[in-house]
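In my numbering, the protein residues as written are 2 to 92.
Worksheet for the structure shown next.
Below you can see the structure in the form of structure tokens.
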């Protein structure tokens with residue numbers, strides 16, 4: 002979203018004019034090991050992993066995702082983690 006502000010503005014205008022309710026979910030994860038600020042990934046072993054330094058220590062990262070309509074942070078059970086990994090971007 003931060004690479005195409007014009008597109009975000011167009012989406013906001015469309016939402017304002019046409020839709021009663023919408024949400025934007027941004028990835029604002031942070032790795033305390035290397036300072037990465039972006040999207041912490043879920044690897045093939047369903048572990049949260051920094052894509053920059055490959056840190057997997059959940060005590061040294063902050064992860065925020067929308068779950069059940071609310072923003073939650075710092076890790077979920079295995080089933081919810083798999084569901085988060087399977088999500089598809091719809092833009």
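Ideal Cβ positions, reconstructed from N, Cα and C, are used throughout, including at glycine.
All values derive from a computational prediction rather than experimental measurement.
Taking C-beta atoms under 8 Å as the contact rule, residue 13 and residue 43 fail to qualify, at a distance of about 29 Å. Pairing residue 6 with residue 35, the inter-Cα distance amounts to about 27 Å. Cβ neighbours of residue 16 within its own chain (closer than 8 Å, five residues either side excluded): 23. Within the same chain, 35, 37 come within 6 Å of residue 53 by CB-CB distance, once the 5 residues on both sides are set aside. Residue 30 and residue 79 have their C-alpha atoms some 19 Å from each other.
Residue pairing from DSSP places residue 50 in a beta bridge opposite 42. Per DSSP, the continuous alpha helix (DSSP H) segment holding residue 18 begins and ends at 6 to 19.
Its chain contains 47 as the residues whose beta carbon lies nearer than 7 Å to that of residue 83, once the 5 sequence neighbours on both sides are disregarded; these appear in chain order.
With fewer than 16 neighbouring CB atoms inside 10 Å of its own CB, residue 89 falls in the exposed class.
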